[in-house]
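Participant:
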Amino acid sequence: MNNELATLQIDFIYSPIINFAMQQNHVPVVRKLSIKNISENEMRNISIEINADPEFAIAWTKRIDLLPANELVDVGAVDIKSITKFLAELTERITGNFTLVIKTDNEVLFKENYAINILAYDQWNGIGVLPEMLSAFVTPNHPDIAKVIIRASSILEKWTGKPSFDAYQSLNPDRVKKQMAAIYESIAEMNLVYCTVPASFEESGQRVRMCDAIFKQRMANCLDISLLYASCLEAVGIQPIIVVVKGHAFAGGWLIDDSFPDSVNDDVSLLTKRTANGIDEIVLVEATYMNAGTSAGFDAAVQDANYKLLKEDDFILFIDVRRARFSGIRPLPLRVQTLNGWEVVEQPVVDRNSSIPEEIVPSPKLVDVEQMEVSKKQLWERKLLDLTLRNHLLSLRITKSTVQVISTQLHKLEDSLALGNEFQLLPKPTDWDNPLRN
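What follows is the structure, given as C-alpha cells:
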C-alpha cells in the first residue's frame with residue numbers, strides 16, 4: 227500500500243491474515259517497508275514504530291539517524307514477533323490492526339492503521355495466501371494418531387501376515403497400498419459423523435478439527451478427515467498428498483518414495499498420469515467414504531477420487547506434504563488446556579543420560595625413513611596425486627561453467643554415477659524462493 231505525504235512516501239506491504247500456523251512457520255507479516263524523503267531537506271533522528279492492537283505482536287522500533295533529501299531507506303521484511311500464547315489461546319477470528327508511526331524528536335511525520343484478520347488457533351487461511359500452510363495441519367506426532375495406527379496394524383496383519391508399517395522398504399507399491407488401505411479401514415471403524423464444510427471454504431479457509439477434537443466430538447467434514455488420514459500416512463512414513471477441488475477436499479499418498487518439485491501444484495495431469503493403471507505411483511482416496519453411514523471399501527474410495535480428477539473445471543490444486551516439509555513447514559505443535567489457559571506443548575527431548583566415550587589416544591609410530599623403500603608404483607601414484615591447490619578436487623572455484631548439485635546423499639549419487647547410471651538435472655524448486663516466506 228502506497229501513502230504519500232508532503233515529506234515522506236511510504237511503501238508498506240503486509241499480509242492481511244495471520245494465524246498460529248503462519249507464526250510457527252516464520253511467515254513474515256510485514257513483507258516490505260520502505261521510506262522515501264521526498265522533501266528538499268534532510269531529516270535526522272527518525273523513529274519508526276509498529277504497534278499491534280490487540281497486542282498479538284511485540285512492538286517493533288527502528289531509528290534512522292539521517293535520511294537525506296530525495297533518498298530512500300528500504301527496511302525490507304520487518305521481523306514482527308507475534309506472541310505465541312495469544313495466537314494459541316485464540317478461539318475465534320478477530321479483527322485487529324497495525325499502527326505505523328514515523329516521527330522525529332519534534333513531530334509525527336506519518337501515522338496510519340492497517341487492518342489485519344487474526345485467525346483462531348485451528349483456522350486454515352485458505353488458498354489465497356500460502357495454500358501450502360494446510361500441510362501444517364497434518365500432525366503425524368499427535369498422540370491420538372497412535373490409536374488409529376495400532377488398529378490398522380491388526381488389520382494389516384490379518385491381510386498380509388505382517389503387522390509392520392514398513393512404508394517403502396519393500397520397494398513394492400502393492401505393500402504400500404495395503405498399508406494405506408489398513409489405515410483407511412481403521413478410520414472407517416471410528417464411525418465419524420459427516421458434517422458439511424462451509425461454502426467456498428477453499429477460498430476463505432475454515433476451522434479445522436484437530437485430531438483430539440475429532441476423537442472427542444466423533445465428527446469430521448471432508449477436510450478434517452483428509453487431514454486425519456494424511457497425518458496417519460505421514461506417521462507411518464508414507465508421503466501424503468492433499469487435493470482441493472471446488473467445495474471439497476480429499477487425500478492420498480505416494481506408492482513410491484518420491485515427491486513433486488513444488489509444494490503446491492495446479493496441474494491436474496501431474497496426478498492423473500501417476501494414478502493411471504500400469505503407472506501406479508500415487509493412490510488418491512475419497513476421504514468421506516471413511517465417514518459413518520458409508521460401507522464402501524478402499525477400492526471404491528480410490529475409484530471415486532479418480533473420477534473427481536476428471537472434472538478439470540472443479541480442480542483447484544494439490545499439496546505435496548513431503549515437499550512442504552522440505553520447504554520448512556512444520557506440523558502444528560499440540561495445544562493443551564491447563565489452569566493457566568491454553569499452552570503449546572513442543573516435542574519433548576528425551577534425556578538418555580548419555581556419557582562421552584573414552585578417548586582414543588593414538589600411539590606414536592616411528593618410521594625409519596632411511597630404510598624405507600619406495601616402489602615404482604608408489605612413485606607413480608605420488609606424481610599422479612597432486613596435493614596442491616592446482617588440483618580441482620581439493621580447491622574448486624565456483625564459476626559460470628560450474629554446475630552445483632543439491633543432494634543429501636552424495637555418496638549414493640557418486641556410487642550410482644560410477645555404475646554408469648544417468649541422471650537428469652532439474653532446477654531448484656521455485657517454492658524455495660517464495661517471497662511470502664523467509
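Count along the sequence shown from 1, add 226, and you get the number used in this note's numbering. Even glycine gets a Cβ: it sits at the ideal position worked out from N, Cα and C.
1. Are E358 and I542 closer than 7 Å when you measure CB to CB?
2. Extract the residue ranges of the beta strand (DSSP E) inside the stretch 328-401, only unbroken runs of 3 or more that lie entirely within it.
3. So the candidates are N251, E268, D237, S241; which of them puts its Cα closest to the Cα of G354?
4. So what's K288 in DSSP terms, helix, strand or just coil?
5. According to DSSP, is R257 part of a helix, a strand, or is it coil?
6. What number of angstroms, rounded off, separates the C-alpha of A341 from the C-alpha of S489?
7. Taking the runs of the beta strand (DSSP E) that are 3 residues or longer, which of them lie wholly in the stretch 497-572?
8. Roughly how far, in whole angstroms, is the beta-carbon of D370 from the beta-carbon of F441, given that I think they are within contact range, below 8 Å?
9. Go to F427, then tell me how far its alpha helix (DSSP H) extends in each direction, as first and last residue.
10. Using the three-state DSSP reduction, which class does T233 fall into: helix, strand or coil?
11. Helix, strand or coil for F246? Go by DSSP, reduced to three states.
12. Per DSSP, what kind of secondary structure is T317 in: helix, strand or coil?
13. Comparing C-alpha positions only, which one of S308, R435, R270 sits nearest to D331?
14. Tell me whether L652 is buried or exposed, calling it buried when 16 or more other Cβ atoms sit within 10 Å of its Cβ.
15. Mapping DSSP to helix, strand and coil, what is M436?
16. What's the C-alpha gap between A475 and I328?
17. Taking one C-beta from the stretch 495-502 and one from the stretch 410-419 each time, how about it: are there three or more such pairs within less than 8 Å?
18. Could you name the residues that DSSP lists as bridge partners for D305?
19. Smallest Cα separation from N296: which of D546, Q235, R549?
20. Report the three-state DSSP secondary structure of K472 (helix, strand or coil).
21. Please report how far the alpha carbon of N642 lies from the alpha carbon of P487, in whole angstroms.
22. Flag this pair as yes or no: are the beta carbons of E460 and V364 separated by less than 7 Å?
23. Give a yes or no on contact between the stretch 284-294 and the stretch 338-352, applying the rule of three or more CB pairs nearer than 8 Å.
24. Would you mind sorting V631 into buried or exposed? The rule is 16 or more other CB atoms within 10 Å of its CB.
25. What are the start and end residues of the beta strand (DSSP E) that includes I668?
26. Any idea what DSSP makes of K654, helix, strand or coil?
27. With distances taken Cα to Cα, identify the nearest neighbour of T325 among L298, I284, K534, V299.
28. Give the DSSP bridge partners of S262, in chain order.
29. Quick one: Cα of A456 to Cα of M516, how far?
30. Run through DSSP, which three-state label would T634 get?
31. Have a look at the DSSP bridge pairing and note the partners of V419.
32. Could you check what DSSP says for I624 in three-state terms: helix, strand or coil?
33. Helix, strand or coil: how does DSSP classify F312 here?
34. As a quick exercise: from M248, D237, I243, pick the residue whose alpha carbon is nearest that of P557.
35. Can you give the Cα-Cα distance for A477 and L510, rounded to whole angstroms?
36. Between which residues of its own chain and Y347 is the CB-CB distance below 8 Å, once the five residues before and five after are set aside?
Facilitator: Let's see:
1. No.
2. As far as the stretch 328-401 is concerned, its whole beta strand (DSSP E) runs of at least 3 residues are 334-344.
3. Distance from the Cα of G354 is smallest, within the candidate group N251, E268, D237, S241, for S241.
4. Per DSSP, reduced to three states, the secondary structure at K288 is strand.
5. Look at R257 here: in three-state DSSP terms it is strand.
6. Between A341 and S489, the C-alpha separation is close to 29 Å.
7. Counting only runs of 3 or more residues that sit fully inside the stretch 497-572, the beta strand (DSSP E) segments are 508-511, 541-546, 560-564, 567-571, in chain order.
8. Contact holds; Cβ gap of about 5 Å.
9. That run of the alpha helix (DSSP H) goes 427-430.
10. If DSSP states are grouped into helix, strand and coil, T233 belongs with coil.
11. In the structure shown, F246 sits in a helix (DSSP, three-state: H, G or I).
12. In the structure shown, T317 sits in coil (DSSP, three-state: anything other than H, G, I, E or B).
13. The option with the nearest alpha carbon to D331 is R270.
14. Using a 10 angstroms sphere on the CB of L652, the tally of other CB atoms stays under 16, which defines it as exposed.
15. Collapsing the DSSP output to three states places M436 in coil.
16. Take the alpha-carbon of A475 and the one of I328: they are about 45 Å apart.
17. Flag = no, the stretch 495-502 and the stretch 410-419 do not touch.
18. According to the DSSP secondary-structure assignment, D305 is paired through a beta bridge with no residue.
19. It is Q235.
20. Coil.
21. Just to set this straight, residue 642 is Ser in the shown sequence, not Asn. The straight-line gap from Cα to Cα measures roughly 21 Å.
22. V364 sits close to E460, with the two beta carbons spaced by under 7 Å.
23. The stretch 284-294 makes no contact with the stretch 338-352, as fewer than three CB pairs between them are under 8 Å.
24. Label assigned to V631: exposed.
25. Residue 668 is absent from the model: the chain starts at 227 and stops at 664.
26. Correct three-state label for K654: coil.
27. Closest option to T325, judged by alpha-carbon separation, among L298, I284, K534, V299: I284.
28. Correcting the residue type first, residue 262 is Lys in the shown sequence and not Ser. DSSP lists Q235, L298 as the bridge partner or partners of K262.
29. About 13 Å.
30. Annotated three-state conformation of T634 is coil, per DSSP.
31. In the DSSP output, where bridge partners are listed per residue, V419 has M445.
32. In the displayed model, I624 falls within coil according to three-state DSSP, outside both helix and strand.
33. Judged by DSSP in its simplified three-state form, F312 adopts helix.
34. Closest by alpha carbon: M248.
35. In a straight line, the C-alpha of A477 is about 6 Å away from that of L510.
36. Closer than 8 Å at the Cβ level, and outside the excluded window around Y347, lie N245, F246, L313, A314, E315, L316, T317, R561, W568.
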